[in-house]
Structure formats: structure tokens, C-alpha cells
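Chain order of the listed sequences is A and B.
119 is the number that the numbering used here gives the last residue of the first sequence; the numbers go up by one with no jumps.
879 is the number that the numbering used here gives the last residue of the second sequence; the numbers go up by one with no jumps.
Cβ coordinates follow ideal geometry from the N, Cα and C atoms, glycine included.
No experiment lies behind these values; they were computed from the predicted model shown.
Each remark here refers to the structure printed beneath this line.
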Amino acid sequence: QQKVQQSPESLSVPEGGMASLNCTSSDRNFQYFWWYRQHSGEGPKALMSIFSDGDKKEGRFTAHLNKASLHVSLHIRDSQPSDSALYFCAASETGGYKVVFGSGTRLLVSP
Amino acid sequence: GALVYQYPRRTICKSGTSMRMECQAVGFQATSVAWYRQSPQKTFELIALSTVNSAIKYEQNFTQEKFPISHPNLSFSSMTVLNAYLEDRGLYLCGARASSYEQYFGPGTRLTVL
Chain A
9 QQKVQQSPES
19 LSVPEGGMAS
29 LNCTSSDRNF
39 QYFWWYRQHS
49 GEGPKALMSI
59 FSDGDKKEGR
69 FTAHLNKASL
79 HVSLHIRDSQ
89 PSDSALYFCA
99 ASETGGYKVV
109 FGSGTRLLVS
119 P
Chain B
766 GALVYQYPRR
776 TICKSGTSMR
786 MECQAVGFQA
796 TSVAWYRQSP
806 QKTFELIALS
816 TVNSAIKYEQ
826 NFTQEKFPIS
836 HPNLSFSSMT
846 VLNAYLEDRG
856 LYLCGARASS
866 YEQYFGPGTR
876 LTVL
């Protein structure tokens, strides 16, 4: 079983809408989480990191972490067609170097 | 700023041949370097991890004999895919961590095997 699971596999939202992506870890040692975005033909680029319980907001992007349930989410408000990409959740242990990725959510924002 | 370069960006090799790819971290002091493969199905597999305190450690299903890695320091790393076959195709990503909080990925080397 994958240690980091993402849902949904794919998501379509209209331009200007809210996109919500979910990620759950099955390993309680994972305490550091990142969201990455990957456009076609490129490597993944870090969107946000979150290490503490609660919300973290950066522009149109808000990440939420609940360490008790090992659930992290990413919300994109006012979605733009340029937000269409693969989104990956990644996690690692405190003090650890190994990063584990989820299987990704494909987001399509239609004009 | 912090950047990770990878070379080449794309490569094609014949089945059974080998190819080498490089990774360089610029603008920060890397404390670890990891190589990943992203399959055509888009999942990431960790191939190997090197840290400032330990030797290269390969993950299950990946071996030094198949994916030898060398790096004079953590800012520069090269990996070779030996005897490449169809199942080795994918996007090979190099990731370097500057700290527990910061990690950067290169654009990847896309390997096509004919």
C-alpha cells in the first residue's frame, strides 16, 4: 500500500472556481508535507510546504494539515486555466531525508 | 536563487545500451540528493538517496549494478542507466534538499528506449 494517497485522481473545475485536492498518509512518522505542481514536460515545482497543524495560505493557494488524521489538503481559489497540471503531495519524516510522493491528482480548469 | 540543473533534458537510446545523466545543485548547499523515476503512469519511484552523513542507499527494486551513481560532492551527481530496456523509460528526476524544509527538483531527463 502506498504510504501517501491522493484523491481524487482527476478533477475538473470551471475557471474562477475552487479546486480541492486531498492527501492522506498512512505513516504516522510523516510530519512534513509538500504540494508540488507539474506541468506537462516539466519537473515538479514546489507550491507549498506545511509542517504545522492548521492552515497555510499563499495567494490563491491554501494548504490545511491535520496531523492527528494525517490528512493534508490543498485548495485553489479562483482557479485559472494555467493551474491545469498534475498536483503531487509529498511527505517525509521529521529529520529524515527520504521523500515519498503520492500518485497525483490531475486538475483541469476549463475556461 | 536555488536551482537544480539536469542534463540532458531528453535522450533516446537503443535497447541494451547505457546512458548517463547529470544533476547539479546551484545556489544552495545540498544536504541530500535523491534520484527518482517518474513512470509513464506518472508515479514517482525513489531510486536512491545520498545524504551528507551516509553513503548512497538504493531502494528496493533498484540496484547499484543497474543504476550506478557517482558524486564528488552533493552539489553534483551523475547516474547511469545500464543496459536500458523498455521498462526503464520515463522521466528521471534529481532532487536536492537544502534543509528539512526546502527541497528542489530539476526538470528531469526523459529517457526513451527504442
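Within-8 Å CB hit, residue i to chain A
{"i": "SER797(B)", "result": "yes"}
{"i": "LYS807(B)", "result": "yes"}
{"i": "TYR866(B)", "result": "yes"}
{"i": "LEU858(B)", "result": "yes"}
{"i": "ARG891(B)", "result": "This structure does not reach residue 891(B), given that chain B is present from 766 up to 879, and the question cannot be answered."}
{"i": "THR729(B)", "result": "A query on residue 729(B) cannot be resolved here, the shown segment of chain B reaching from 766 to 879 and no further."}
{"i": "PRO872(B)", "result": "yes"}
Distance, residue j Cα to residue i Cα
{"i": "SER60(A)", "j": "GLY67(A)", "result": "18 Å"}
{"i": "GLN39(A)", "j": "THR113(A)", "result": "21 Å"}
{"i": "GLN10(A)", "j": "THR32(A)", "result": "10 Å"}
{"i": "GLU852(B)", "j": "PRO872(B)", "result": "21 Å"}
{"i": "VAL878(B)", "j": "MET786(B)", "result": "14 Å"}
{"i": "TYR866(B)", "j": "ALA849(B)", "result": "34 Å"}
{"i": "SER87(A)", "j": "TYR770(B)", "result": "30 Å"}
Neighbour flag for residue i against chain B, beta carbons, 8 Å
{"i": "SER33(A)", "result": "no"}
{"i": "SER57(A)", "result": "yes"}
{"i": "GLY51(A)", "result": "yes"}
{"i": "LEU73(A)", "result": "no"}
Limits of the unbroken beta strand (DSSP E) element including residue i
{"i": "VAL817(B)", "result": "Neither: VAL817(B) is in no beta strand (DSSP E) and is coded neither H nor E."}
{"i": "PHE59(A)", "result": "Where PHE59(A) is concerned, there is no enclosing beta strand (DSSP E), given that its DSSP letter is neither H nor E."}
{"i": "ASN838(B)", "result": "834-838"}
Check whether residue i and residue j have beta carbons under 8 Å apart
{"i": "SER797(B)", "j": "LEU839(B)", "result": "yes"}
Please identify, using Cβ separations under 9 Å, the residues of the stretch 104-117 of chain A that lie next to chain B, in order along the chain.
Residues passing the 9 Å Cβ filter: GLY104, TYR105, LYS106, VAL107, VAL108, PHE109, GLY110, SER111, GLY112, ARG114.
Can you give me, in chain order, the residues of the stretch 64-95 of chain A that have a beta carbon less than 7 Å from any beta carbon in chain B?
Listed by position, the residues of the stretch 64-95 of chain A near chain B (Cβ gap below 7 Å) are LEU94.
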